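Residue numbers are given in my numbering: position 80 of the sequence shown equals residue 913, and the series is strictly consecutive. C-beta atoms are modelled at their ideal positions from N, C-alpha and C, and glycine is treated no differently. Predicted model, so just to flag it, every value in this text is computed and none were measured. Comments concern the structure below.
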Amino acid sequence: FLNGFPTEIEDYMIVNATISMAHSLGLEVIAEGVETLEQLLALKKLSCDKVQGYFISKPLPISELKNWMEVYPKRFMNLLNEDKEYRRTL
């Protein structure tokens with residue numbers, strides 16, 4: 834669903850409905866395939882709980898994971914408008 838999200842209205846509506854339905858059932862929502870800042874911020878506005886995708890990181894060998902974990906929080910500190918709870922769950 835994220836391929837045309839958030840610019841294609843149909844894709845936006847599907848993602849919004851999916852997140853709303855999952856939350857109404859008491860489920861946590863993890864969006865997969867996030868590739869742009871625009872997608873990340875739109876998912877935040879829709880109250881998506883967690884995200885994964887190439888925008889966050891491409892698959893890494895274990896040898897690079899420690900460095901990524903040190904650099905990642907610094908890279909995204911300002912992107913999410915000081916929303917500490919959302920940053921913590923990424």
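Is residue i buried or exposed, if buried means 16 or more other CB atoms sit within 10 Å of its CB?
| i | result |
| --- | --- |
| Val867 | buried |
| Asn836 | exposed |
| Asn849 | buried |
| Leu858 | exposed |
| Val904 | exposed |
Going along the chain, which residues of its own chain have a beta-carbon closer than 7 Å to the beta-carbon of residue i, five neighbours each way excluded?
| i | result |
| --- | --- |
| Arg921 | Reliability of the predicted coordinates at Arg921 is poor, the pLDDT of 49 falling under 50, and no value is obtained from them. |
| Asp882 | Glu861, Val862, Ile863, Thr922 |
| Leu893 | Trp901 |
| Arg908 | none |
With distances taken from CA atoms, which of the options is nearest residue i?
| i | options | result |
| --- | --- | --- |
| Ile847 | Leu898, Arg908, Leu879 | Leu879 |
| Ile842 | Glu897, Ala875, Val884 | Ala875 |
| Val884 | Leu893, His856, Pro894, Gln872 | Gln872 |
So, at 6 Å on beta carbons, what are the nonlocal neighbours of residue i in its own chain, with the 5 sequence-adjacent residues on each side left out?
| i | result |
| --- | --- |
| Gly886 | Gly866, Val867, Glu868 |
Can you list, in chain order, the residues of its chain whose CB lies under 8 Å from that of residue i, leaving out five sequence neighbours each side?
| i | result |
| --- | --- |
| Ser890 | Trp901, Tyr905 |
Checklist entry - If you scan the segment 847 to 894 from start to end, which runs of the beta strand (DSSP E) of 3 or more residues do you find wholly inside it? => result 863 to 865, 883 to 885
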